[in-house]
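A.B. asks: For the sequence shown, the tail end lands on 385 under the working numbering, and the numbers increase by one without skipping.
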Amino acid sequence: MLAIQRGSLAQRGQALVVIVLIMAVVLTIALSVVSRTVSDINISTKEDDSSRAFSAAEAGIEQALLKGTPQTFEAEVGSTGSFNATISQLTSGGTEFAVPILLSSGEIAPVWLVEHDDTTSELICSDLKPCFTGDDLKVCWGEPGTPSDSSTTPALEVSVVYTDSDSDFSTTKIARAAYDPHPTRANNFTKGADSGEAIDGQAYQFCRTVDLTSLGVTIRPTVNARRGPQYARLRMLYNTTQSQPAGVKIVGTENLPLQGQKVVSTGTSGEAQRSLEVYKLFSDLPPIFDYTLFSGVGGIVK
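The structure is reproduced here in C-alpha cells:
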C-alpha cells in the first residue's frame, strides 16, 4: 500500500515538472512575440518619424526658395514635424567660388562676373553692386589624385562672354581658352597644369591662370561699367567615367559678384532629423547652344 502511494506521488511530481516546463516554453514564446512586436513598433515609429522629418525638410526648402533673401527661419509642419532653414549667398564679396555640382564631360558651369538685380535678376553694375574689374582668373579642376596621363583625364575649356559697349549688346563676343593636363593628347589645347590647390574648401588636382587681356577680352574700367567680361563658362572635357569638380579664384584684390544662393533645411520629427541642401544658381544657356548656328538678320548662307 505504501509503495502505491509513493508511485502516485512520483507521478504527480513528474506531471508538475511537465506542467512547469510547458509553462516555461509558453512564456518564452509569449515574451519572444511581445519583444518582436515592440521591436516592430519601434522600427515603424522610427521610419514614420524619418519620413515626416524628410517631408518637413522639403517644406523648408520650398518656403526658402519663395522667400529668396538671406535669412534663417523655422516653422511647424503639421502636428508632429518642424524645420529650420537657412538661406545664404554664394560668393558675394568673396574671392573664391567652388562650383557646387560635379561636371561630367561636356557639362558647363557659369561663373558670373557681373551682378544681378535682386528683384528682376537683370544684369547690373553699380557702386552698390560692383562688377568684376580684374584681368586674371585662376581656374582649378579635378579630384585630388587624378592622373594627368589617362584617357579620361579631365581638360577644361573656359569661354569668357564679354561686351565692348555699356548699352549695345550686339557687340557681345566670346573668347576661349582650353587647358589639358595630358601631355600628348592631340587637341591643340594649352598643355600642362599648375599644382592643384584648394578653393572655398574644395581641393583640386589641376589649376591654370586665365589671362583675360591676352585673350582679347575687354577689361571693365570701373565697377559700375557694363562693358567688359559678363561671365565665364567652364566646360569639362574627356572625363567620361567620373564627374569632376571645378572652381574659380580671383587673382588680385577684386571680389566675385554673387553667384546664387545656398539653402540648407533640417526637418525634425520625434527623434529623427533629416537635412537637405539645395543650390539656386543664376540661369545660363543650355550647353546645346554651343553647338548650334543661328542668325538674327536672316538665313544662314553657306
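We treat Cβ as the ideally placed atom computed from N, Cα and C, and that holds for glycine.
As the structure is a computational prediction, the values presented were derived from the model and not from experiment.
Would you tell me roughly how many angstroms separate the C-alpha atoms of Val293 and Gly335, rounded to the nearest one?
C.D. replies: As a first step, residue 293 is located in the sequence shown; it is residue number 210 there, counting from the start. As a first step, residue 335 is located in the sequence shown; it is residue number 252 there, counting from the start. Taking the straight line from one Cα to the other gives about 13 Å.
A.B. asks: Val347 bridges to which residues according to DSSP?
C.D. replies: Translated into positions along the sequence shown, residue 347 becomes position 264. According to DSSP, which records beta bridges pairwise, Val347 is partnered with Thr169 and Glu360.
A.B. asks: Please confirm whether Leu320 and Val194 have their CB atoms less than 8 Å apart.
C.D. replies: Here residue 320 corresponds to residue number 237 of the sequence shown, with the count starting at 1. Here residue 194 corresponds to residue number 111 of the sequence shown, with the count starting at 1. Not a contact, by the Cβ cut-off of 8 Å.
A.B. asks: Could you give the residue range of the beta strand (DSSP E) that holds Lys332?
C.D. replies: To locate residue 332, count along the sequence shown from 1; it is residue 249. Taken as a continuous stretch (DSSP letters only), the beta strand (DSSP E) holding Lys332 covers Ala329 to Ile333.
A.B. asks: Between the beta-carbon of Thr273 and the beta-carbon of Ala260, is there less than 8 Å?
C.D. replies: Indexing the sequence shown from 1 puts residue 273 at position 190. Indexing the sequence shown from 1 puts residue 260 at position 177. Yes. Within cutoff.
A.B. asks: Alpha carbon to alpha carbon, how far is Pro312 from Gly176? Give it in angstroms, no decimals.
C.D. replies: Position 93 of the sequence shown holds residue 176. Position 229 of the sequence shown holds residue 312. One C-alpha to the other measures close to 18 Å.
A.B. asks: On the DSSP letters alone, give me the boundaries of the beta strand (DSSP E) that Ser242 sits inside.
C.D. replies: By 1-based counting over the sequence shown, the position of residue 242 is 159. Ala238 to Thr246 is the extent of the beta strand (DSSP E) around Ser242.
A.B. asks: So the beta strand (DSSP E) Ile257 belongs to, where does it begin and stop?
C.D. replies: Your numbering for residue 257 matches position 174 in the sequence shown. Taken as a continuous stretch (DSSP letters only), the beta strand (DSSP E) holding Ile257 covers Lys256 to Asp263.
A.B. asks: Within 10 Å of its beta-carbon, does Asp277 have 16 or more other beta-carbons around it, so buried, or fewer, so exposed?
C.D. replies: As a position in the sequence shown, residue 277 is number 194, starting the count at 1. Answer is exposed; the Cβ neighbour count stays below 16.
A.B. asks: Just tell me which of Ser138, Pro266 and Thr236 has its CA closest to the CA of Ser162.
C.D. replies: Residue numbering aside, residue 162 sits at position 79 when the sequence shown is read from its first letter. The shortest C-alpha separation from Ser162 is found at Ser138.
A.B. asks: Are the Cβ atoms of Leu239 and Tyr262 separated by less than 8 Å?
C.D. replies: Position 156 of the sequence shown, counted from the start, is the residue given in the question as residue 239. Position 179 of the sequence shown, counted from the start, is the residue given in the question as residue 262. For Leu239 and Tyr262, yes; Cβs fall inside 8 Å.
A.B. asks: Do Leu368 and Gly343 have their C-beta atoms within less than 8 Å of each other?
C.D. replies: Your numbering for residue 368 matches position 285 in the sequence shown. Your numbering for residue 343 matches position 260 in the sequence shown. No, the pair does not count as a contact, with Cβ atoms beyond the cut-off.
A.B. asks: Alpha carbon to alpha carbon, what distance is there between Glu280 and Phe402?
C.D. replies: The shown model of the chain, from 84 to 385, leaves out residue 402, and the question about it has no answer.
A.B. asks: Assign Pro312 to one of three DSSP states: helix, strand, or coil.
C.D. replies: As a working mapping, residue 312 is identified with position 229 in the sequence shown. Reduced to three states, the DSSP call for Pro312 is strand.
A.B. asks: What are the boundary residues of the beta strand (DSSP E) that includes Arg442?
C.D. replies: Because the chain here runs from 84 to 385, residue 442 falls outside it and cannot be looked at.
A.B. asks: What number of angstroms, rounded off, separates the C-alpha of Thr351 from the C-alpha of Leu148?
C.D. replies: As a position in the sequence shown, residue 351 is number 268, starting the count at 1. As a position in the sequence shown, residue 148 is number 65, starting the count at 1. If you take the alpha carbons of Thr351 and Leu148, they lie about 19 Å apart.
A.B. asks: Who pairs with Arg291 in a beta bridge, going by DSSP?
C.D. replies: Here residue 291 refers to the residue found at position 208 when the sequence shown is read from its first residue. The partner list for Arg291 (beta bridge, DSSP) reads Val222.
A.B. asks: DSSP state of Thr320, grouped into three classes?
C.D. replies: By one-based count along the sequence shown, residue 320 stands at place 237. In the sequence under discussion, the amino acid at residue 320 is Leu, which differs from the Thr named in the question. The answer is strand: DSSP assigns Leu320 an E or B state.
A.B. asks: Quick one: grab the DSSP three-state call for Glu354.
C.D. replies: Taking the first residue of the sequence shown as position 1, residue 354 is located at position 271. In this structure, Glu354 counts as coil in the three-state DSSP scheme.
A.B. asks: Could you tell me the distance, in whole angstroms, from the CA atom of Leu196 to the CA atom of Ser171?
C.D. replies: Position 113 of the sequence shown, counted from the start, is the residue given in the question as residue 196. Position 88 of the sequence shown, counted from the start, is the residue given in the question as residue 171. Rounded to whole angstroms, Leu196 to Ser171 spans 19 Å at the Cα level.
A.B. asks: I need the DSSP call for Gly189, collapsed to helix, strand or coil.
C.D. replies: The sequence position of residue 189 within the sequence shown is 106, counting from 1. Of the three classes helix, strand and coil, the one that applies to Gly189 here is coil, per DSSP.
A.B. asks: Does the Cβ of Pro230 have 16 or more other Cβ atoms within 10 Å, making it buried, or fewer, making it exposed?
C.D. replies: Position 147 of the sequence shown, counted from the start, is the residue given in the question as residue 230. Result: exposed.
A.B. asks: Between Val300 and Lys221, which are expected to be in contact by the criterion C-beta below 8 Å, what is the C-beta distance as a whole number of angstroms?
C.D. replies: Indexing the sequence shown from 1 puts residue 300 at position 217. Indexing the sequence shown from 1 puts residue 221 at position 138. About 15 Å; that fails the 8 Å criterion.
A.B. asks: Between which two residues does the beta strand (DSSP E) holding Thr152 run?
C.D. replies: Here residue 152 corresponds to residue number 69 of the sequence shown, with the count starting at 1. First-last for Thr152: undefined, no H or E at that position.
A.B. asks: Could you have a look at Ala276 and say whether DSSP puts it in helix, strand or coil?
C.D. replies: The sequence position of residue 276 within the sequence shown is 193, counting from 1. It is coil, neither helix nor strand.
A.B. asks: Is it true that the CB of Asp218 sits closer than 8 Å to the CB of Thr296?
C.D. replies: Here residue 296 refers to the residue found at position 213 when the sequence shown is read from its first residue. Here residue 218 refers to the residue found at position 135 when the sequence shown is read from its first residue. Result yes, Cβ atoms of Thr296 and Asp218 sit closer than 8 Å.
A.B. asks: So, at 7 Å on beta carbons, what are the nonlocal neighbours of Gln288 in its own chain, with the 5 sequence-adjacent residues on each side left out?
C.D. replies: Here residue 288 refers to the residue found at position 205 of the sequence shown. The residues are Gly225, Glu226, Pro227, Gly228, Thr229 and Gly279.
A.B. asks: Using the C-alpha atoms, what's the distance from Arg357 back to Val243?
C.D. replies: Residue 243 sits at position 160 when you count from the first residue of the sequence shown. Residue 357 sits at position 274 when you count from the first residue of the sequence shown. So the alpha carbons of these two residues sit roughly 39 Å apart.
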